[in-house]
Amino acid sequence: MAKRARPSNHRSPRTLSETISTLVFVGMSGWLLLEALSLMGQAPSWQVGGLFLSAFLSLLGAFRFMIAQLWRQFRKGRGQ
């Protein structure tokens with residue numbers, strides 16, 4: 397029996413590992429943010445800034461599937 401063709405925009409449901417990694421990204425983002433806040437005034441500003449940047453990038457990692465979907469919609473809207 398032949399497989400049914402899926403639409404190009406079809407996304408299978410999230411797997412357990414994707415859910416776990418998303419939770420890890422959120423948890424690490426929160427931890428890094430709290431660490432940066434606790435070190436303000438005690439550590440060099442470049443170190444605190446690096447922690448804030450890491451927290452932000454980790455939060456973006458948690459939203460990677462939504463970002464990818466928005467990017468696909470943006471590319472589709474531009475006709476490419």
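Counted the way the working numbering counts, the sequence shown spans residues 397 to 476.
Ideal Cβ placement from N, Cα and C applies to all residues, glycine included.
With fewer than 16 neighbouring CB atoms inside 10 Å of its own CB, alanine 464 falls in the exposed class. For serine 441, the number of other beta carbons within 10 angstroms of its own is below 16, and it is reported as exposed. Around the beta carbon of leucine 419, a 10 Å sphere encloses fewer than 16 other beta carbons of the protein chains shown; the residue is thus reported as exposed.
Straight-line measurement puts the Cα of threonine 411 at about 29 angstroms from the Cα of leucine 430. Taking leucine 428 as the centre and dropping the five residues before and after it, the same chain places the C-beta of Leu447, Ser450, Ala451, Ser454 closer than 7 angstroms to its C-beta, in chain order.
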